[in-house]
Amino acid sequence: MPHVLTTCPYCGCGCGLYLQVEGRRLLGTTASAGHPVGQGRLCAKGWHAHELATSGTRLRTPLVRRGSSLQQASWEEALSLVGERLTAIKAESGGAAIGVLASARATNEENYLLAKLARSALGTNNVDFSARLDALPGLFDLPKYRHLSLCTAGLDDIAAADLVFLWQTDPVEEHPAAAARVLRAAEAGVPVVEVTARRGQLGELAQISLAPRPGSELQLAAGLLHVALSKTEPAEGDSLAATVANCTPDQTEAATDVPASDVIRAGEALAAADKPLVIYTRGASLGPQGADTLMALSAFGKASEADDSWCSLLWLSSYCNFQGARDMGVLPYFLAGYQPVSEETTRAKFAEAWGAALPSEAGLPSWEMLGRVRALFVMGDDPVSSLPDVAATRQALGNTDFLVVQDIFLTPTAEMAHVVLPGASFAEKDGTFTNTERRVQRVRRAADPPGEARADWEIICDLSGRLGRPMDYASPAQVMAEIAELVPIYSEISYQRLDEDWGVRWSLDGAVSAERAGFGGEGEEEGPASVSQPAAPTVDEEYPFVLVADHSLGAWAADKLVVNAVGLRRQQGADRGEQLPELWMSRADCQKGELREGTRVRVRARTGEMDAAVHVSDAVHAGAVVLSAVMREAAASVLPPGADSETGVPVLRPVAVSVEKV
Amino acid sequence: MSQPAAYVITRPRLAEWVGKLIGRAQVIAPRRAQGGDVAYDIVETPDQVAWDYSTSINPLKRFLFPQGDELLRWQRAGDDGLQLEPTYDETDRIFLAVRSCDLSGVLFLDRVFSREPEDVYYMTRRQHSTLISLTCSEPVEDCFCVCADAGPFLETGFDLQLTALSDDYLVEVGTEKGQELINQAEGLFAPAPDELIQARRDLEKEVEARFAEHKSYFAAALRKVTFDRVPDELWEEMADRCLECGGCSFVCPTCTCFLTADWQSEGEGHRDRLWDSCLYSCYTLEASGHNPRAQRRDRVKARFFHKLSYQFAKELETHGCVGCGRCIATCLGSNDMPTVTARIRRGAI
């Protein structure tokens with residue numbers, strides 16, 4: 146069939162698209178009219194999806210490091226080297242000395258197989274993916290938070306909602322399929338409340354725009370809960386009302402700079418809503434107090450008129466198979482389907498199916514793995530681009546005895562590897578992606594991989610054999626059949642069923658109870674246990690601005706799947722070459738400081754300084770200055786990477802800075 | 026010998042004829058893809074033609090002006106420099122059962138690409154194309170060809186035009202190329218009796234009446250856009266509703282913008298042209314870094330100026346819309362043609 150139906154490889158929405166093929170050549174991309182996610186629409190990335198496959202910069206042969214350079218090698222040479230080195234390191238230092246990073250962009254089948262290889266052949270639970278920072282990783286350690294990193298609502302709930310919060314996210318930049326739905330809802334009169342330091346395009350259509358001082362989002366959420374809960378009779382023993390009892394509108398204004406009148410307006414809208422929906426992304430979870438902020442947001446449903454069947458949390462992932470990678474057990478403490486590695490019965494079940502004993506110790510998350518393992522096998526992940534502390538990541542990778550990277554482009558991580566294995570793009574292999582709303586969808590082969598590149602599942606099978614654990618699969622369909630046997634949440638999934646429909650959403654039994662009580666729920670507490678002081682930095686005369694790292698700004702323009710797609714690269718403005726980091730600043734502040742578009746400025750914080758070029762913006766609120774999070778390497782001295790106090794997850798905190806003309 | 030004005034072919038014979046066409050050329054026809062969407066696509070057997078379709082998700086330009094098209098290859102030739110080889114596509118293609126709006130779109134592309142200097146890549150493909158249209162007897166929710174004078178029946182432009190009448194298809198001949206196809210079909214076609222020709226005329230009237238609901242107000246929009254009487258605030262509001270996906274340009278049968286990109290590896294390389302969209306922020310970015318349409322408002326305005334101003338309509342004989350309605354289905358925001366013309370007419374959102 147010359148039009149091959151497949152799933153978009155960019156964000157977590159998972160729109161359906163057709164690849165237009167002539168012979169084995171990819172000619173273009175068309176939106177699928179009937180697809181339930183895209184509904185006939187695609188964003189710019191989707192319309193250019195074929196370009197990443199046809200890119201002239203694809204890896205075409207294996208590469209092996211000889212001296213300081215990576216040189217072409219045969220598959221036999223590359224794979225036997227990988228097999229020998231991994232076997233030797235395991236024999237010398239044990240499986241725990243080896244780490245495996247799989248991918249939010251590889252298929253479910255590939256993630257499953259690599260996790261299987263790690264546990265059964267390498268004997269390690271050091272299995273993770275660095276892009277997991279897209280959500281709030283580490284929370285899987287804390288049962289009360291688990292539901293926050295699963296999307297309980299669905300994209301279509303945007304159309305059903307009667308109040309939409311855009312919480313520290315700009316869906317036009319991050320999730321256009323969601324943005325299209327929010328835009329339609331706003332046009333139909335549904336109130337939209339935008340909460341952000343940098344107003345997005347949909348902010349123009351929002352009825353209420355709240356600009357909390359960066360770092361005070363938790364206090365704003367608590368203030369809204371206070372107003373909403375004061376409209377209803379508190380139930381007996383309601384801990385939530387007690388938690389936010391002191392978060393009055395005046396207190397909230399003092400903590401966040403959001404006028405008390407706006408807090409009351411938005412809080413009353415929440416109280417009156419039957420179907421409130423909070424859309425959030427990494428902008429909220431990776432902020433300071435991210436975990437508690439999300440806990441507060443998860444109580445919004447309860448503070449409204451919503452009944453028990455309504456899910457009010459819509460978490461959107463930035464990667465096409467972020468959900469699937471986790472579902473497949475690419476986690477240090479879970480086997481596929483969130484089955485704990487610590488449970489003996491679970492291990493026994495997998496050990497029997499896989500024919501190998503499995504390690505029982507939980508592994509390390511990606512950000513702890515680096516620097517502590519001797520060997521690292523990376524498939525389709527790019528920790529240098531994903532982890533907040535770029536310098537530390539590079540240093541740790543540089544100290545790794547043996548680094549293997551399997552990818553389709555020479556990523557910054559691959560540049561440091563000892564062996565690089567060329568994989569296949571989404572257009573060149575069969576498999577499945579699971580979108581942000583848990584919809585498992587087919588990925589279909591439309592063309593051949595370039596040069597000697599091979600489908601990633603084939604590479605894993607080959608390597609597993611060399612590690613003494615032969616894998617014998619004829620196709621990804623067979624892998625999925627095995628997954629369905631072992632993973633209860635995927636027990637309904639088969640290629641036949643997926644081919645008959647647009648995909649299947651695996652069910653979160655009792656989604657609302659999961660949302661309110663925690664996934665896997667054991668009647669967990671609701672809302673934050675307490676509302677702490679804002680994490681917003683103190684500004685003073687010396688450091689009068691708050692600098693915030695914006696995770697949606699410019700993120701796509703720096704993404705390897707965009708940079709290597711020639712037309713898309715230009716569309717995203719990634720063609721402009723090396724430039725100073727852009728510092729977004731309000732028009733009022735620019736006028737005060739006599740700064741114009743492009744003015745070179747020095748940004749000083751207590752920890753260091755950097756230079757940037759001013760971008761005069763009507764979207765940034767006075768007092769805040771915004772830098773794209775992709776610039777964090779250049780900004781490391783002023784935006785030092787820190788860790789969330791509760792979860793230990795690396796985050797970028799807002800800091801007080803001064804901005805002066807150079 | 027004078028040729029009959031029209032022919033008739035029975036449904037079983039139609040399939041036989043399509044089989045013969047498939048043996049002779051690449052036949053592109055509406056075909057149901059996985060999932061049920063209908064796309065113009067290469068058909069390998071007659072039963073793959075979705076005769077009962079309403080619209081296709083893609084316009085024909087995907088085959089005449091592909092989204093990614095190689096223009097030339099080069100190779101290092103000894104020490105004497107480069108050997109260049111243009112890559113023209115001379116595949117014989119028969120476009121079968123295409124809707125009138127889509128055929129009108131091809132005629133529009135013909136006028137764009139045949140202007141001097143002629144676009145040799147497009148024109149080569151066109152010279153090897155035959156256009157067989159299928160008239161519409163059922164209006165589709167989103168389309169408005171009657172407002173664009175691009176259907177549901179055509180007077181000219183087709184090589185052959187098919188109309189489904191109860192048991193048979195009436196076949197009108199538009200060109201010698203079309204007549205040739207009939208002549209080659211050896212007895213599959215019979216001259217159409219007068220009553221069948223009359224039945225087709227009656228059907229056209231009846232169908233046009235059903236299509237008559239006015240969906241896109243081109244005349245008023247043309248006037249206001251031409252004389253720049255659309256307030257900036259309105260363009261601004263429309264800009265708020267454009268998410269810069271470029272989808273409208275890509276599904277539009279009349280959009281033709283492209284950029285070129287070069288690839289090279291050791292000793293060889295190729296130049297491709299790729300579809301572009303005037304709504305992309307870097308569409309007019311200049312090498313100096315200056316961007317004359319840096320604001321989205323200016324890009325939205327430029328797009329609809331190009332589609333709706335008299336200056337362009339005069340040069341290309343009609344405004345740049347054939348009423349296929351694909352932009353309605355594909356716009357991430359709400360800047361499809363009927364909505365935009367309605368806003369321009371009303372002067373407000």
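Residue numbers (the numbering used here), protein chains in the order written: chain A, 146 to 807; chain B, 26 to 374. The beta carbon of each residue, even a glycine, is placed where N, CA and C say it ideally should be.
{"Check": "For methionine 362(B), three-class secondary structure by DSSP", "Outcome": "helix"}
{"Check": "Alanine 249(A) vs tyrosine 464(A) beta-carbon contact at 8 Å", "Outcome": "yes"}
{"Check": "Opening and closing residue of the alpha helix (DSSP H) in which aspartate 135(B) lies", "Outcome": "125 to 138"}
{"Check": "Nonlocal neighbours in the same chain, by C-beta distance under 7 Å from alanine 417(A), ignoring five residues either side", "Outcome": "Glu450"}
{"Check": "Runs of beta strand (DSSP E) lying entirely within the segment 254 to 299 of chain B, each at least 3 residues, in chain order", "Outcome": "283 to 290"}
{"Check": "Nearest to threonine 378(B) (by Cα), restricted to the options Val137(B), Ile53(B) and Leu259(B)", "Outcome": "Because chain B here runs from 26 to 374, residue 378(B) falls outside it and cannot be looked at."}
{"Check": "Minimum C-alpha distance to phenylalanine 467(A) - residue among Arg211(A), Arg186(A) and Ala247(A)", "Outcome": "Ala247(A)"}
{"Check": "DSSP-derived helix/strand/coil call for tyrosine 464(A)", "Outcome": "coil"}
{"Check": "Close-in-space but distant-in-sequence residues of the same chain around threonine 393(A) (CB under 7 Å, 5 per side omitted)", "Outcome": "His371"}
{"Check": "Run of the beta strand (DSSP E) containing phenylalanine 690(A), from where it starts to where it stops", "Outcome": "690 to 695"}
{"Check": "Nearest candidate by alpha-carbon position, reference leucine 728(A), set Val802(A), Gln313(A), Gly474(A) and Thr269(A)", "Outcome": "Val802(A)"}
{"Check": "Distance, glutamate 778(A) Cα to proline 147(A) Cα", "Outcome": "44 Å"}
{"Check": "Contacts that threonine 175(A) makes with chain B (C-beta to C-beta distance below 7 Å)", "Outcome": "Ala64, Ile82 and Asn83"}
{"Check": "Cut-off 6 Å between Cβ atoms - residues of its own chain near serine 274(B), not counting five sequence neighbours on either side", "Outcome": "Cys280 and Ser302"}
{"Check": "Positions along the segment 260 to 277 of chain B whose CB lies within less than 7 Å of some CB in chain A", "Outcome": "Asp265, Arg266, Leu268, Glu269, Cys270, Gly271, Gly272 and Phe275"}
{"Check": "Pairwise C-alpha distance: glutamate 805(A) and alanine 750(A)", "Outcome": "12 Å"}
{"Check": "Tryptophan 312(A), enclosing beta strand (DSSP E) - first and last residue", "Outcome": "308 to 312"}
{"Check": "is_contact[leucine 415(A), chain B] using C-beta, thresh 8 Å", "Outcome": "no"}
{"Check": "Any 3 or more C-beta pairs closer than 8 Å across the segment 479 to 486 of chain A and the segment 587 to 598 of chain A", "Outcome": "no"}
{"Check": "Assigned secondary structure, glycine 173(A) (DSSP; H/G/I helix, E/B strand, else coil)", "Outcome": "strand"}
{"Check": "Beta-carbon gap between lysine 326(B) and cysteine 346(B) smaller than 8 Å", "Outcome": "no"}
{"Check": "According to DSSP, residues forming a beta bridge with leucine 422(A)", "Outcome": "Val309(A)"}
{"Check": "For tyrosine 163(A), the residue or residues it bridges with in DSSP", "Outcome": "Leu150(A) and Thr175(A)"}
{"Check": "Proximity test, Cβ basis, 8 Å: glutamine 165(A) and chain B", "Outcome": "yes"}
{"Check": "Local conformation of glycine 110(A) per DSSP, three classes", "Outcome": "What is shown of chain A runs 146 to 807, which leaves residue 110(A) out entirely."}
{"Check": "Stretch-stretch touch, CB-based, cutoff 8 Å, three pairs: the segment 156 to 173 of chain B with the segment 119 to 126 of chain B", "Outcome": "yes"}
{"Check": "Bounding residues of the alpha helix (DSSP H) (the contiguous stretch that carries tyrosine 257(A))", "Outcome": "253 to 261"}
{"Check": "Any C-beta of chain A under 8 Å from that of serine 191(B)", "Outcome": "no"}
{"Check": "Status (buried if at least 16 other CB within 10 Å, exposed otherwise) for lysine 339(B)", "Outcome": "exposed"}
{"Check": "Enclosing beta strand (DSSP E) for lysine 806(A) [first to last residue]", "Outcome": "800 to 806"}
{"Check": "Closer than 8 Å at the beta carbon, the chain B residues around proline 321(A)", "Outcome": "Leu268, Cys270 and Leu357"}
{"Check": "Length of the line joining the Cα atoms of alanine 399(A) and alanine 788(A)", "Outcome": "26 Å"}
{"Check": "Residue span of the beta strand (DSSP E) that contains methionine 522(A), given as start and end", "Outcome": "Note that residue 522(A) is phenylalanine in the sequence shown, not methionine. Phenylalanine 522(A) -> beta strand (DSSP E) spans 520 to 524."}
{"Check": "Cα-Cα separation, isoleucine 303(A) to glycine 613(A)", "Outcome": "50 Å"}
{"Check": "Alanine 448(A) to alanine 373(A) span [Cα, whole Å]", "Outcome": "6 Å"}
{"Check": "Rounded C-alpha distance that separates serine 139(B) from glutamine 92(B)", "Outcome": "19 Å"}
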